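Residues in the sequence shown are numbered consecutively from 2, following our numbering. Where a beta carbon is used, it is the ideal one built from N, C-alpha and C, also for glycine. Quick caveat, the model's predicted, so the values are computed rather than measured. Working notes, structure below.
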Amino acid sequence: MKGVSKKFPGTIAVDDVDFDVYAGEVHALVGENGAGKSTLMKMLAGSFDDYTGTISIKGKETKLHSPAMAKAVGIEMIYQELSLALPLSIAENVLVGRLPVRNGIIDRKKLTEDAAAALSRVGLEYLDPMKPIEDISQHEAQLVEISKALWNNPGILVMDEPTSALSREEVERLFTIIAKLKNEGLAIVYISHHLPEIFRVADRVTVLRDGKKIGTKNIHEVKREEVVQMMVGRSIREFYTKRDHSIGKDRLVVENLSRWGFFHNVSFTAREGEILGICGLSGAGRTELARVMVGLDSASAGTVTLEGKRVSARRMA
2 MKGVSKKFPG TIAVDDVDFD VYAGEVHALV GENGAGKSTL MKMLAGSFDD
52 YTGTISIKGK ETKLHSPAMA KAVGIEMIYQ ELSLALPLSI AENVLVGRLP
102 VRNGIIDRKK LTEDAAAALS RVGLEYLDPM KPIEDISQHE AQLVEISKAL
152 WNNPGILVMD EPTSALSREE VERLFTIIAK LKNEGLAIVY ISHHLPEIFR
202 VADRVTVLRD GKKIGTKNIH EVKREEVVQM MVGRSIREFY TKRDHSIGKD
252 RLVVENLSRW GFFHNVSFTA REGEILGICG LSGAGRTELA RVMVGLDSAS
302 AGTVTLEGKR VSARRMA
């Protein structure tokens, strides 16, 4: 990619950026939110055709007008939001749009065989290909998405925040798969906010800031602090200025709050002058808890006290 740019109304999302990736390497793409990472890769994946600049695949300049055209030249992108169809089986998801047909009917035997071969490539040979996709874990779903992308035997695989919903152990398993694909000669672009991951899995790293390329470094020749400074434009020492402050009285008290099927017996207290973080993996119930707290959904049980006054847990807002 040479001198590529992409404009949206009122903003330049990607501004004259050069980027390349070689067979058998993992090239990380990092930057703060809005830096242009996903937009740049969506151009490579054919999602935006109104870009300027040039894109060359294996030395041949190519104009990518659509995702289908990108796939045809060997480019696959795995998005942060998985594109799996819950009503379908694992096999049907892996081969969606490419289901084997015999005499006008889906060939279930070949479908199972082909899906099993694809799953084994990412370490999921233990899964029954005909199992409903909704019955597998988040980690397994991520690997199914990868196997789906690999079915076309791409030369370039773009992974956009692939670990955002994975546990630490699941991330390690994913890294094993990435190393295997790299050794097979696949060119991998890895987008992430997590710098420890970048230093574990990448060979090179390119930093974007405000749509511009700040630089590309070999991962073994750069320190994490330098990458951070490239991302944000200031020294790591300038991130947060610690100020003395006092913690005040309880403002919000949540006790044994539940919403059946989503979260159970959640209790916490938020006080004046503090920031209370709520974290968890995808599906842990964070969003559902927030929806109940602002009154968008009803709670099943529990109590909420706001500034000393009991609020109905059934409809708190």
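| query | result |
| --- | --- |
| Pull up the distance between the alpha-carbon of Thr164 and that of Val305, whole angstroms please. | 34 Å |
| Does the count of Cβ pairs from the stretch 178 to 190 and the stretch 7 to 16 closer than 8 Å reach three? | no |
| Would you report the Cα separation of Gly47 and Ala73, rounded to the nearest angstrom? | 11 Å |
| With three or more beta-carbon pairs closer than 8 Å as the criterion, would you say the stretch 182 to 194 touches the stretch 21 to 33? | yes |
| Helix, strand or coil: how does DSSP classify Val123 here? | coil |
| Note the first and the last residue of the continuous beta strand (DSSP E) segment covering Leu1. | In this structure the chain extends from 2 to 318, so residue 1 is not present and cannot be described. |
| Report the rounded CA-to-CA distance for Pro130 versus Val145, giving the unit in angstroms. | 10 Å |
| Cβ atoms of Gly156 and Asp71: under 8 Å apart, would you say? | Note that residue 71 is Ala in the sequence shown, not Asp. Not in contact: Ala71 and Gly156 (Cβ atoms no closer than 8 Å). |
| Should the stretch 220 to 227 be called in touch with the stretch 47 to 61, which here means at least 3 C-beta pairs below 8 Å? | no |
| For Met317, count the other beta carbons within 10 Å of its own beta carbon; 16 or more makes it buried, fewer makes it exposed. Which is it? | Unreliable positioning characterises Met317 in this predicted model, as indicated by a pLDDT of 47, which lies under 50. The coordinate reading is nonetheless provided below. Looking at its Cβ environment, which holds 16 or more other Cβ atoms inside 10 Å, Met317 is buried. |
| Using the three-state DSSP reduction, which class does Thr306 fall into: helix, strand or coil? | strand |
| Could you say which of His265, Val15, Leu258 lies nearest to Lys43 if we only look at CA atoms? | Val15 |
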